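Input: a single structure, listed below in structure tokens.
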Amino acid sequence: MSEQARRRPHKPYRRPQKDPVRMLAFEALRAVDERDAYANLVLPPLLKKAREKGDFDGRDAALATELVYGTLRRQGTYDAIIAACVDRPLREVDPPVLDVLSLGAHQLLGTRIPTHAAVSASVELARVVLGDGRAKFVNAVLRKISQQDLDTWVQQVAPPYEADAEDHLAVVHSHPRWVVSALWDSLGGGRAGIEDLLEADNERPEVTLVARPGRSTTEELAAATETLPGRWSPYALRMVEGGEPGAIGAVKEGRAGVQDEGSQLVAIALANAPLDGADDRWLDGCAGPGGKAALLAALASERGAALLASEKQPHRARLVERALAGNPGPYQVIAADGTRPPWRPGSFDRVLMDVPCSGLGALRRRPEARWRRRPEDLDAFAPLQRALLTEALRAVRVGGVVGYATCSPHLAETRVVVDDVLKKVGGAELIDARPLMPGVPALGEGPDVQLWPHLHGTDAMYLALLRRTG
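Numbering-wise, this note's numbering puts 187 at position 86 of the sequence shown, and it's gapless, one number per residue.
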């Protein structure tokens with residue numbers, strides 16, 4: 102060792118400092134990546150635990166939530182930018198390292214956190230969870246990213262629209278290319294519409310409350326917390342950002358709930374569809390987790406009708422029981438398979454079948470779903486969707502009404518299913534659903550209805566109403 106090296110003072114080792122907010126965000130992202138968990142299920146218990154330990158206040162919780170959801174929503178864009186700043190294929194970067202880089206990229210490009218704070222906090226996180234060696238790699242990559250803003254990066258990493266429109270939109274708006282293509286087909290073309298939709302998917306959705314009729318009122322909810330009126334549903338209120346729905350008495354007691362306004366409109370439309378004859382037996386054939394069932398049960402009780410809520414998965418059936426507890430009218434919850442139902446044909450006057458689907462209509466709420474789904478998933482859902490609609494038509498009496506609903510705008514899960522079943526089963530006709538959503542604009546050519554985040558502020562719910570004719 103040289104004399105100069107001997108005289109150079111050694112820097113004392115500094116233990117990395119744990120940042121509770123970024124540690125929690127990293128933990129949530131790892132759960133999403135490693136266990137295929139959903140952020141909306143992972144994050145609340147993590148936040149609750151942090152509050153109980155005294156690590157978090159309201160601002161910390163808000164920042165952690167933004168870091169998790171913002172990173173997941175913009176993951177595709179950030180991946181393209183990170184790939185331009187590393188010297189290896191992205192698939193060769195360890196997933197935990199990539200999570201730290203993505204969190205750092207979101208702080209740099211998607212928030213107002215100062216550059217130096219975003220880089221230093223991310224490097225410190227890397228030291229804690231990855232070690233000093235990989236923290237140096239994180240530091241080098243984030244410093245490259247920090248040299249340009251988001252718009253400049255996007256211009257650099259996205260192909261020109263004229264050269265490849267779908268790939269351009271996929272990178273700019275952070276959606277898989279196949280999802281861009283499917284949504285574009287469902288919209289019917291035009292650049293402005295698809296860009297508006299993809300951008301709406303990347304916005305934080307409002308929290309919408311439902312005052313279950315006969316059990317609560319919008320006036321009661323408005324008095325309990327700061328809200329805005331619902332756009333379309335007479336039972337809806339939109340919470341002002343920062344409100345806590347679980348703190349509202351009516352929500353605690355199950356007299357009100359959290360429910361997207363599109364979901365409310367589907368239940369209301371089925372309940373109000375014109376019907377000849379008896380109207381006292383209703384069925385929700387895919388009732389979990391219980392939001393639509395609770396609204397239907399409340400509407401049914403006002404008319405003296407009874408609701409049977411059926412859900413195949415026992416744990417989801419228990420959620421339905423919890424949602425319906427205290428309903429003033431008669432109801433029953435059972436665990437049953439809607440494709441092999443225990444009820445007799447023709448037993449019901451109204452049937453709702455909100456079928457399992459890809460969930461492409463709720464990407465605002467579950468941004469990670471866009472990266473998990475594959476085109477082949479639609480092939481797996483298709484037989485189940487057709488079987489459930491077929492059984493729904495058997496379950497309803499002649500003259501009764503079936504509502505086929507799905508939280509997906511993909512044509513393979515909406516009109517194609519309805520058309521195929523109508524051709525195969527016969528004895529049913531479509532009802533125009535549009536008049537049953539009064540005041541709601543841009544519902545399409547009918548007779549079915551497709552709601553959109555960018556047009557209606559709702560999830561992309563689809564509804565077809567069918568009357569049994571024979």
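Glycine included, each C-beta is placed from N, C-alpha and C at the ideal position.
These numbers were taken from a predicted model, which means no experiment stands behind them.
My guess is that residue i and residue j are in contact by the Cβ rule of under 8 Å, so how many angstroms apart are they, rounded?
i             : j              : result
arginine 467  : glycine 460    : 6 Å
threonine 172 : histidine 217  : Incorrect: roughly 20 Å between the Cβ atoms, too far for contact.
serine 509    : tyrosine 432   : Not quite, the Cβ-Cβ distance comes to about 28 Å (not below 8 Å), so this is no contact.
leucine 251   : glycine 211    : 7 Å
alanine 140   : alanine 151    : So it is not a contact: roughly 15 Å between Cβ atoms.
alanine 540   : tryptophan 333 : It should be pointed out that residue 540 corresponds to glycine in this sequence rather than to alanine. That belief holds up - the Cβ atoms of glycine 540 and tryptophan 333 are roughly 6 Å apart, short of 8 Å.
leucine 489   : glycine 363    : Rounded, the Cβ-Cβ distance is 20 Å, inconsistent with contact.
leucine 148   : valine 198     : Their Cβ separation, rounded to whole angstroms, is 25 Å, which puts leucine 148 and valine 198 out of contact at 8 Å.
arginine 465  : aspartate 137  : The pair is not a contact, with the Cβ atoms about 19 Å apart (cut-off 8 Å).
arginine 356  : proline 390    : Wrong, their Cβ atoms sit about 17 Å apart, outside the cutoff.
leucine 298   : proline 554    : 7 Å
leucine 479   : histidine 511  : 7 Å
alanine 424   : glycine 358    : 7 Å
valine 187    : valine 194     : 6 Å
Tell me which residue opens and which closes the beta strand (DSSP E) that residue i is part of.
i                 : result
phenylalanine 449 : 449 to 455
aspartate 161     : No beta strand (DSSP E) contains aspartate 161, which is instead part of the alpha helix (DSSP H) from 159 to 174.
proline 197       : Element bounds for proline 197: not the beta strand (DSSP E) but the alpha helix (DSSP H), 196 to 211.
valine 311        : 309 to 312
arginine 568      : 563 to 569
leucine 130       : No beta strand (DSSP E) contains leucine 130, which is instead part of the alpha helix (DSSP H) from 121 to 136.
glutamine 328     : Contrary to the premise, residue 328 reads as threonine rather than glutamine in this sequence. Unbroken beta strand (DSSP E) run through threonine 328: 328 to 330.
Can you tell which of the options has its C-alpha closest to the C-alpha of residue i?
i              : options                        : result
alanine 259    : His276, Leu243, Arg244         : His276
methionine 454 : Ala266, Cys387, Tyr179         : Cys387
alanine 401    : Pro390, Trp383, Ala138, Ser411 : Trp383
tyrosine 505   : Met538, Glu546, Pro457, Gly540 : Pro457
alanine 351    : Gly462, Asp250, Arg313, Pro145 : Arg313
arginine 568   : Asp533, Pro548, Val502, Ala337 : Val502
alanine 181    : Ala348, Ile246, Leu512, Glu345 : Ile246
lysine 353     : Glu362, Ala325, Glu342         : Ala325
leucine 310    : Glu320, Ala301, Asn303         : Glu320
glutamate 477  : Ala266, Val280, Asp302         : Val280
glycine 205    : Asp188, Gly232, Ala236, Arg292 : Ala236
leucine 366    : Leu144, Leu142, Asp560         : Asp560
asparagine 303 : Ala283, Leu125, Glu469         : Glu469
leucine 523    : Met538, Thr491, Phe238, Glu514 : Thr491
arginine 228   : Asp438, Val143, Ala266, Met124 : Met124
valine 122     : Val169, Arg356, Val133         : Val169
tyrosine 262   : Arg292, Gly234, Arg131         : Arg292
alanine 534    : Ile369, Ile435, Asp265         : Ile369
valine 133     : Arg471, Thr178, Glu514, Glu327 : Arg471
leucine 544    : Ser287, Asp188, Asp158         : Ser287
arginine 160   : Leu420, Glu342, Leu479, Asp480 : Glu342
threonine 178  : Gln257, Pro215, Val143, Asp188 : Gln257
glutamine 248  : Ala437, Pro330, Pro215         : Pro215
glycine 405    : Asp380, Arg131, Pro415         : Asp380
glycine 430    : Glu403, Ala301, Leu420, Pro415 : Glu403
alanine 436    : Phe127, Ala426, Leu420, Asn428 : Leu420
arginine 220   : Phe238, Arg244, Asp233, Leu531 : The amino acid at residue 220 is misidentified as arginine; the sequence shows valine. Taking only the C-alpha atoms, the option nearest valine 220 is Arg244.
asparagine 240 : Ala126, Asp268, Ser203, Gln414 : Ser203
glycine 427    : Gly558, Asp233, Gly315         : Gly315
valine 434     : Phe449, Pro415, Pro446         : Pro415
Just to check, is the beta-carbon of residue i closer than 7 Å to a non-hydrogen atom of the ligand PLP?
i             : result
glutamate 412 : The model depicted lacks the ligand PLP and carries no ligand whatsoever.
Taking the alpha helix (DSSP H) that residue i belongs to, which residues open and close that run?
i              : result
proline 146    : 140 to 154
alanine 337    : Looking at the DSSP string, alanine 337 is not in any alpha helix (DSSP H); the run it does join, the beta strand (DSSP E), is 337 to 340.
histidine 276  : Per DSSP, histidine 276 belongs to no alpha helix (DSSP H) and is neither H nor E.
glycine 294    : 292 to 302
glycine 234    : 233 to 246
aspartate 480  : 476 to 496
glutamate 193  : It is not in any alpha helix (DSSP H) - glutamate 193 carries neither H nor E in the DSSP assignment.
alanine 333    : First, the amino acid is wrong: residue 333 is tryptophan here, not alanine. Careful: tryptophan 333 lies outside any alpha helix (DSSP H) and carries neither H nor E.
tryptophan 254 : 251 to 258
glycine 226    : The question names glycine, but residue 226 in the sequence shown is leucine. Residues 216 to 230.
tryptophan 472 : 470 to 473
glutamate 345  : Premise fails: glutamate 345 is in no alpha helix (DSSP H) and is neither H nor E.
threonine 318  : Run containing threonine 318: none; DSSP gives neither H nor E here.
aspartate 306  : The sequence shown places proline at residue 306, not aspartate. Here proline 306 belongs to no alpha helix (DSSP H), and DSSP marks it neither H nor E.
proline 554    : 554 to 557
Original post:
Taking contact to mean at least 3 C-beta pairs separated by less than 8 Å, is the region 267 to 277 in contact with the region 495 to 510?
Top reply: Taking 8 Å as the limit for Cβ pairs, the verdict is that the region 495 to 510 does not touch the region 267 to 277.
**OP:** Only counting runs of 3 or more residues, tell me where the beta strand (DSSP E) segments fall wholly within the region 500 to 550, in order along the chain.
**Re:** 529 to 532
**OP:** Indicate whether the contact test is met: 3 or more Cβ pairs, each with one atom in the region 434 to 449 and one in the region 475 to 495, closer than 8 Å.
**Re:** yes
**OP:** Check whether the region 218 to 228 touches the region 148 to 165, counting contact only when three or more Cβ pairs, one atom from each stretch, lie closer than 8 Å.
**Re:** no
Original post:
Which runs of the alpha helix (DSSP H) fall wholly inside the region 351 to 390 and span at least 4 residues, in chain order?
Top reply: 362 to 373
Original post:
Along the chain, which unbroken stretches of the alpha helix (DSSP H) at least 4 residues long are found entirely within the region 389 to 448?
Top reply: 392 to 403, 415 to 425
**OP:** Please determine if the region 388 to 395 and the region 406 to 420 are in contact, where contact requires at least 3 C-beta pairs separated by less than 8 Å.
**Re:** yes
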